[in-house]
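Residue numbers (the working numbering): 72 to 159.
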């Protein structure tokens with residue numbers, strides 16, 4: 072039970088860090104800051120994972136960053152498509 076609460080709280084706090092730029096900056100600037108923040112954290116965690124698994128860091132880092140960028144692009148175009156379809 073303790074690990075469940077700990078996991079929930081850590082994920083909740085991490086997700087909230089992406090709301091801070093939205094509250095402090097214009098939306099376009101906040102998006103850039105959030106993407107940079109997310110990719111930076113992903114890079115650090117990927118390097119940590121690669122060291123734990125004793126594999127080359129650049130392979131793990133490259134794989135994770137490529138997947139993240141693809142997800143960001145797909146999300147952008149999906150949002151654009153939805154806004155066109157439901158525009159009033």
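From the three backbone atoms N, C-alpha and C, an ideal C-beta is built for every residue, glycine too. Quick caveat, the model's predicted, so the values are computed rather than measured.
By how many angstroms is the C-alpha of residue 77 removed from the C-alpha of residue 86?
-> Along the chain shown, one-based indexing puts residue 86 at 15. Along the chain shown, one-based indexing puts residue 77 at 6. One Cα belongs to residue 86, the other to residue 77, and the distance between them is close to 14 Å.
Inter-residue Cα distance where the pair is residue 113 and residue 83 = The sequence position of residue 113 within the chain shown is 42, counting from 1. The sequence position of residue 83 within the chain shown is 12, counting from 1. Rounded to the nearest angstrom, the two C-alpha atoms are 16 Å apart.
Would you call the CB atoms of residue 132 and residue 111 closer than 8 Å?
-> Here residue 132 refers to the residue found at position 61 of the chain shown. Here residue 111 refers to the residue found at position 40 of the chain shown. No, they are not a contact pair.
For residue 106, which option in 156, 72, 141 has the closest C-alpha, if you only look at C-alpha atoms?
-> Within the chain shown, residue 106 is the residue found at index 35, counting from 1. Out of 156, 72, 141, 141 has the C-alpha closest to the C-alpha of residue 106.
Output the distance between the C-alpha atoms of residue 72 and residue 128, rounded to the nearest integer angstrom.
-> One-based indexing of the chain shown puts residue 72 at position 1. One-based indexing of the chain shown puts residue 128 at position 57. Roughly 33 Å separates the two Cα atoms.
Top-ranked residue by Cα proximity to residue 92, from 143, 108, 80 = Here residue 92 is taken as the residue at index 21 of the chain shown, counted from 1. Per the Cα distances, 108.
Reducing DSSP to helix, strand and coil, say where residue 149 ends up.
-> On the chain shown, position 78 is the one that residue 149 refers to. Collapsing the DSSP output to three states places residue 149 in a helix.
With respect to the alpha helix (DSSP H) encompassing residue 82, which residues constitute its N-terminal and C-terminal limits?
-> By one-based count along the chain shown, residue 82 stands at place 11. Segment 73-87, the alpha helix (DSSP H) holding residue 82.
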